[in-house]
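Peer 1: Residue numbers (the working numbering): 1088 to 1195.
Written out as structure tokens, the structure reads:
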């Protein structure tokens, strides 16, 4: 596992130096927003409104930190809340997720 992580760090460092990739990424991101790409995904059936790579990054953080409380501001459709709760359940602890919003909509 350590060699896997070491290789990923090395490749991430190399990618961060690739200006052409950065330009392409910015263009892709801007273009994908035109099609509401971040709205295309669900977590356990609820819209999550996240880019897939952000969901994976959040999973990696939750798995390594093992928090007992996750606070989310802005709940939209609740997909991120369900994601966070399912991650805490996988950790096997008595973690809690707190969602805060100024507008709780009927679909929630």
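Positions of the beta carbon are idealized from the N, C-alpha and C atoms, including for glycine.
Please state if the CB of residue 1132 and the CB of residue 1162 are separated by a distance shorter than 7 Å.
Peer 2: Reading the chain shown from its first residue, position 75 is the one you call residue 1162. Reading the chain shown from its first residue, position 45 is the one you call residue 1132. No, they are not a contact pair.
Peer 1: What do you get for residue 1191, buried or exposed, if any count of 16 or more other CB atoms within 10 angstroms of its CB means buried?
Peer 2: As a position in the chain shown, residue 1191 is number 104, starting the count at 1. Exposed, by the Cβ-count rule.
Peer 1: What are the partner residues of residue 1133, as DSSP defines its beta bridges?
Peer 2: Walking along the chain shown from the start, residue 1133 turns up at place 46. Partner(s): 1130.
Peer 1: Are at least three pairs of beta-carbons, each pair with one atom in the stretch 1122 to 1137 and one in the stretch 1162 to 1171, less than 8 Å apart?
Peer 2: Because the criterion of three Cβ pairs below 8 Å is met, the stretch 1122 to 1137 and the stretch 1162 to 1171 touch.
Peer 1: Using the beta-carbon count (16 or more within 10 Å), is residue 1140 buried or exposed?
Peer 2: As a first step, residue 1140 is located in the chain shown; it is residue number 53 there, counting from the start. So residue 1140 counts as exposed.
Peer 1: May I ask you to verify whether the stretch 1151 to 1161 touches the stretch 1120 to 1128, counting CB pairs closer than 8 Å and requiring at least 3?
Peer 2: As far as the Cβ criterion goes, the stretch 1151 to 1161 does not touch the stretch 1120 to 1128, which means the pair count is below three.
Peer 1: Could you work out which residue in 1164, 1174, 1189, 1156 is closest to residue 1127 when comparing CA atoms only?
Peer 2: For the purposes of this step, residue 1127 is taken as the residue at position 40 of the chain shown. Considering only alpha carbons, the answer is 1164.
Peer 1: For residue 1182, does the three-state DSSP call read helix, strand or coil?
Peer 2: What you label residue 1182 is simply residue 95 of the chain shown in a count that begins at 1. Correct three-state label for residue 1182: coil.
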